[in-house]
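Have a look at the structure below before the remarks.
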Amino acid sequence: MTRGLIVNLLLLIGVIGLGTYAWQKMRQSNEPAYRLSTLPSGAVRKIQVAPRSGPGYTLEKRGETWFLSAPIEARADLSQVQRILDLLSATSKEKLAATELQRFDLDPPAVKVTMDGQTFSFGTINPLTREQYVASGDGVYLVSTYYASLVPSSSDRLLTHSLFNEGEKAVAFHFKTFSVEQKDGKWTVTPPLAGEQQPSQDELNRWFDEWRYASSLVTQPWDGKPAPDSVQVRLADGKAIVFSVLRREPELILARSDEKLQFQFSGEVARRLLNPAAPKEKEGAGAS
Numbered sequence: 001m002t003r004g005l006i007v008n009l010l011l012l013i014g015v016i017g018l019g020t021y022a023w024q025k026m027r028q029s030n031e032p033a034y035r036l037s038t039l040p041s042g043a044v045r046k047i048q049v050a051p052r053s054g055p056g057y058t059l060e061k062r063g064e065t066w067f068l069s070a071p072i073e074a075r076a077d078l079s080q081v082q083r084i085l086d087l088l089s090a091t092s093k094e095k096l097a098a099t100e101l102q103r104f105d106l107d108p109p110a111v112k113v114t115m116d117g118q119t120f121s122f123g124t125i126n127p128l129t130r131e132q133y134v135a136s137g138d139g140v141y142l143v144s145t146y147y148a149s150l151v152p153s154s155s156d157r158l159l160t161h162s163l164f165n166e167g168e169k170a171v172a173f174h175f176k177t178f179s180v181e182q183k184d185g186k187w188t189v190t191p192p193l194a195g196e197q198q199p200s201q202d203e204l205n206r207w208f209d210e211w212r213y214a215s216s217l218v219t220q221p222w223d224g225k226p227a228p229d230s231v232q233v234r235l236a237d238g239k240a241i242v243f244s245v246l247r248r249e250p251e252l253i254l255a256r257s258d259e260k261l262q263f264q265f266s267g268e269v270a271r272r273l274l275n276p277a278a279p280k281e282k283e284g285a286g287a288s
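According to my numbering, the stretch in the sequence shown is residues 1 to 288, in order.
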């Protein structure tokens with residue numbers, strides 16, 4: 001076989017491969033894709049989750065903030081809410097009539113998710129495609145099991161991990177022996193921290209950001225049990241918030257009294273939040 005013939009044969013194989021790929025893509029693009037919903041996620045104001053067994057929960061959007069309204073009243077974690085809303089973008093290549101729902105373990109379903117009146121009911125998993133049957137409206141669809149994993153099974157997982165609401169801005173922190181206040185755009189510590197090197201303005205700005213962006217490892221309802229210490233925070237709108245210091249070590253637990261929530265942080269976070277003069281450890285410090 002001559003070299004030219006070999007080259008031509010390889011080119012032919014390449015053309016056939018590209019043609020097959022293009023045909024497969026065209027066939028896939030021509031397959032029907034059924035949307036489970038046309039409801040835009042930004043328009044949703046209420047979400048209800050009802051599992052087959054165990055308690056459910058309700059979420060409501062008030063202004064631009066999501067709240068749990070049942071079984072407790074509390075701020076919700078936006079990332080967890082957004083995961084549920086991602087269900088609205090689900091599509092399926094197959095739509096079946098919503099009849100004889102017991103065939104799909106949809107009577108009753110494992111869990112029902114209702115968003116502004118539209119209900120998504122999750123049933124069994126197809127053993128061949130490993131997709132899940134979901135009923136909505138007049139159809140039953142096969143969708144990725146990924147969508148069921150987006151729905152938290154417990155309301156505790158919906159609790160916010162942020163100490164402050166999005167619109168809240170702290171301007172003063174009052175500890176037992178000192179205060180940190182913002183005046184004319186600058187932070188001041190009064191009285192000066194005893195036996196400590198006084199933090200610079202940049203260090204205080206970073207310390208404020210530690211409070212502003214702190215994200216708890218775990219958030220739980222607070223039973224209101226009194227604590228030996230607290231931090232009083234004043235917001236720009238004049239509102240006062242009290243954080244009870246339930247524990248300092250081995251992890252920090254702060255309870256926000258007006259929301260009846262307690263936030264758990266690592267011990268390193270405790271060292272920084274409760275002492276504006278504490279240096280932030282460099283990445284990798286202490287590693288062996």
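C-beta atoms are modelled at their ideal positions from N, C-alpha and C, and glycine is treated no differently. Remember, it's a predicted structure, so these values are computed and weren't measured experimentally.
Judged by their CB atoms, Q82 and P152 are not nearer to each other than the 8 Å cut-off. Taken in chain order, the whole alpha helix (DSSP H) runs of length 4 or more contained in the region 171-196 number zero.
For R157, the closest of Q220, N165, V140 by C-alpha to C-alpha distance is Q220. Contact between Q132 and H174 fails: their C-beta atoms lie close to 52 Å from each other, not under 8 Å. Excluding residues up to 5 positions away in sequence, L39, V44, R45, K46 lie with their Cβ nearer than 7 Å to the Cβ of D116 in the same chain. In the same chain as G56, and ignoring 5 residues on each side of it, the C-beta atoms closer than 6 Å to its own belong to V49, A50, in chain order. Using a Cβ-Cβ distance cut-off of 8 Å, the region 62-76 and the region 253-273 are in contact, since at least three pairs of beta carbons, one from each stretch, lie closer than that value. When secondary structure is reduced to three states using DSSP, D209 falls in the helix class.
Contact between A270 and S244 is absent: CB atoms are separated by about 14 Å, not below the 8 Å threshold.
Residue pairing of G139 in beta bridges, as defined by DSSP: A97, S136. Per DSSP, the continuous beta strand (DSSP E) segment holding Q118 begins and ends at 118-125. Taking a 10 Å sphere around the C-beta of T160, we find 16 or more other C-beta atoms and assign the residue as buried.
P127 sits exposed, since fewer than 16 C-beta atoms from the chains shown fall within 10 Å of its C-beta.
Counting only the Cα atoms, S149 lies some 15 Å from L142. For A135, the CB contacts under 6 Å within the same chain, skipping 5 residues up- and downstream, are A98, L106, S121 in chain order.
The C-beta distance from Y147 to A90 rounds to 5 Å, short enough to fall under 8 Å.
Within the model, the alpha-carbon separation for R272 versus E210 is close to 8 Å. In this structure G267 does not touch L254 by the C-beta definition: roughly 13 Å separates them, more than the 8 Å allowed.
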